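With our numbering applied, the sequence shown covers 1068 to 1422.
Structure record follows, encoded as structure tokens.
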Amino acid sequence: MTKTLGFGLLGAGLVAPFHAKSIQASTGGQLAAVCDVDRERAAKLADEYGARVYDSLDAMLADASIDVVNVITPNHLHHDAVLACARTGKHVIVEKPPAMSLAETDSMIAACRDAGVKLAVTVQCRVRRAIQEMKKAIDSGRFGKLLHADAYMKWFRSSEYYHSDPWRSSRQSGAGVTVQHAFHYIDLLSYLVGPAARVEAKMTNLAHPSVQLEDTLLAFIEYANGAQGVVEASTALWPGTDVRIEINGTDGTAIMIGEKMTTWQFRQEQPEDASIRQIGNEAQRTAAGGPADFGFADHQFVIQDVIDAIGQNRDVCIGADSVRPTVELVLAMYQSAAHGRAVELPVRDDPSIWQ
1068 MTKTLGFGLL GAGLVAPFHA KSIQASTGGQ LAAVCDVDRE RAAKLADEYG
1118 ARVYDSLDAM LADASIDVVN VITPNHLHHD AVLACARTGK HVIVEKPPAM
1168 SLAETDSMIA ACRDAGVKLA VTVQCRVRRA IQEMKKAIDS GRFGKLLHAD
1218 AYMKWFRSSE YYHSDPWRSS RQSGAGVTVQ HAFHYIDLLS YLVGPAARVE
1268 AKMTNLAHPS VQLEDTLLAF IEYANGAQGV VEASTALWPG TDVRIEINGT
1318 DGTAIMIGEK MTTWQFRQEQ PEDASIRQIG NEAQRTAAGG PADFGFADHQ
1368 FVIQDVIDAI GQNRDVCIGA DSVRPTVELV LAMYQSAAHG RAVELPVRDD
1418 PSIWQ
């Protein structure tokens, strides 16, 4: 009989309920505990699922019923928490970004590898069916020579959002639009098209003067394979519209808006193309207008994959090593914006970008 894995949530903030719902809906997982420095907040979520409450990570890690820890703390706290989990033999699912530097990312990967535990990252937009079809088409060469890969994230967040938790207005905590919101869609470009060779970025604050963060990113990317692309990302643009991912090649174009495939055209039509054009639901909310305005199906896929990977003794589908190039690209964008010049990749860590 397959063991039911006990999950512990480290962090009971905005995204925690999505993790809790995903665990509850999984096959082989059970929410066993919730941990937060705000014990009252942890208890409110834990009570919904009959889970135990902790206000320190060490106490939760001492709970033998916990097999997997979901690290959903503020971004700058991910690294130390993941290392603590690895030391105690707990598998880890960490929210994006996995860490705030390449050195931290590498040490997390090494610690989990050496401890023999899984380390997955919730860049869950990768699992959307439209993205998976784009990936298959790129890998099979249907686009021909890739020419452009673009991401447009024109969202809205109120000033109240940035003050709802102290870390959300802190650059040192990783709260800017680039690393906190657009990371998902920069990751999609990296996942689909491959590594970047050069990036030039500009970051501004258009609509949130009460916080010292960028709420808008404009970036131009030159990919290692010769393609180029842009990222436009903002939380200043009321009322917020769905993310748009575009892939263009010499032989085809694909566009996803939200989670729906809106364009799927190739020089050579294939029998499955008609059904691919029907992928997605344009009514499905994808967080454009509000921080909790989305479903949990994508999170559930990541959590179920970790459960299955543990049971089957295989690698997870979205390991931290596969997300490292996105961390590097995001860091390159911050370095470019900070120093006012284009940046060649690979890059080295530059702590000054968080000052």
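The beta carbon of each residue, even a glycine, is placed where N, CA and C say it ideally should be.
Please read all numbers here as calculations on a predicted model, not as lab measurements.
Item	Value
Status (buried if at least 16 other CB within 10 Å, exposed otherwise) for Lys-1327	buried
Helix, strand or coil at Leu-1412 according to DSSP, with G and I counted as helix	coil
Cα-Cα separation, Ala-1177 to His-1146	12 Å
Pick from Ala-1099, Ser-1231, Leu-1076, Asp-1105 that is closest to Ala-1359, judged by C-alpha positions	Ser-1231
Classification of Met-1068 by the beta-carbon crowding that lies within 10 angstroms, buried from 16 upward	For Met-1068, the pLDDT reaches just 45, beneath the cut-off of 50, and the residue's location in the model is therefore unreliable, although a value from the coordinates is still provided. Burial call: exposed.
Buried or exposed by the 16-neighbour rule on C-beta atoms within 10 Å, applied to Ser-1277	exposed
Coarse secondary structure for Phe-1210, derived from DSSP in three states	coil
Cβ-based burial, Gly-1078 [other Cβ within 10 Å; buried from 16]	buried
Cβ distance (whole Å) where Val-1394 is taken to contact Ala-1166 below 8 Å	7 Å
Backbone CA spacing between Leu-1304 and Val-1184 [nearest angstrom]	41 Å
For Ala-1182 and Ile-1198, the rounded distance between their alpha carbons	32 Å
Assigned secondary structure, Glu-1450 (DSSP; H/G/I helix, E/B strand, else coil)	Beyond the ends of the chain as shown, which are 1068 and 1422, falls residue 1450; an answer cannot be given.
Three-pair Cβ contact test at 8 Å for the stretch 1204-1215 versus the stretch 1248-1255	no
Three-pair Cβ contact test at 8 Å for the stretch 1288-1299 versus the stretch 1253-1264	yes
Whole-Å CB distance - Val-1310 paired with Ala-1242, under 8 Å assumed	So it is not a contact: roughly 19 Å between Cβ atoms.
Residue nearest to Ala-1099 in terms of C-alpha spacing, selected from Leu-1076, Lys-1111, Arg-1196, Leu-1081	Leu-1076
Complete beta strand (DSSP E) runs within the stretch 1173-1258 (minimum length 3 residues, chain order)	1186-1189, 1213-1221
Collapsed DSSP secondary structure at Arg-1352 in the structure displayed	coil
Helix, strand or coil at Leu-1081 [DSSP, three-state]	coil
Ser-1207 versus Met-1201 - alpha carbon distance	10 Å
Per DSSP, cross-strand counterpart(s) of Gln-1295	His-1215, Glu-1289
Inter-residue spacing [alpha-carbon to alpha-carbon] between Ala-1384 and Gln-1371	The question names Ala, yet the displayed sequence has Cys at residue 1384. C-alpha separation (whole angstroms): 10 Å.
Within 7 Å, strictly: CB atoms of Leu-1280 and Thr-1245	no
Lys-1327 - DSSP class collapsed to helix/strand/coil	strand
The stretch 1160-1174 in contact with the stretch 1126-1141 per 3-pair CB rule at 8 Å	yes
Burial state of Asn-1380 (16 or more Cβ within 10 Å)	exposed
Inter-residue CB distance, Asp-1282 and Ser-1301 (contact presumed, cutoff 8 Å)	6 Å
Counted within 10 angstroms of its Cβ, other Cβ atoms place Ser-1403 as buried (16 or more) or exposed	buried
Where Met-1068 sits in the DSSP three-state scheme	Note that Met-1068 scores a pLDDT of 45, beneath 50, so its modelled location is shaky; the value from the coordinates is reported in the next line. Looking at Met-1068 - three-state DSSP - the assignment turns out to be coil, as it is neither helix nor strand.
Endpoints, alpha helix (DSSP H) assigned at Leu-1144	Unbroken run through Leu-1144: none, as it is neither H nor E.
Cβ pair Val-1410, Val-1188 closer than 7 Å	no
DSSP-derived helix/strand/coil call for Val-1131	Correcting the residue type first, residue 1131 is Ala in the shown sequence and not Val. If DSSP states are grouped into helix, strand and coil, Ala-1131 belongs with coil.
Closest by C-alpha distance to His-1158, when choosing among Asp-1134, Ser-1174, Leu-1144	Asp-1134
Three-way DSSP call (helix, strand, coil) for Thr-1320 in this model	strand
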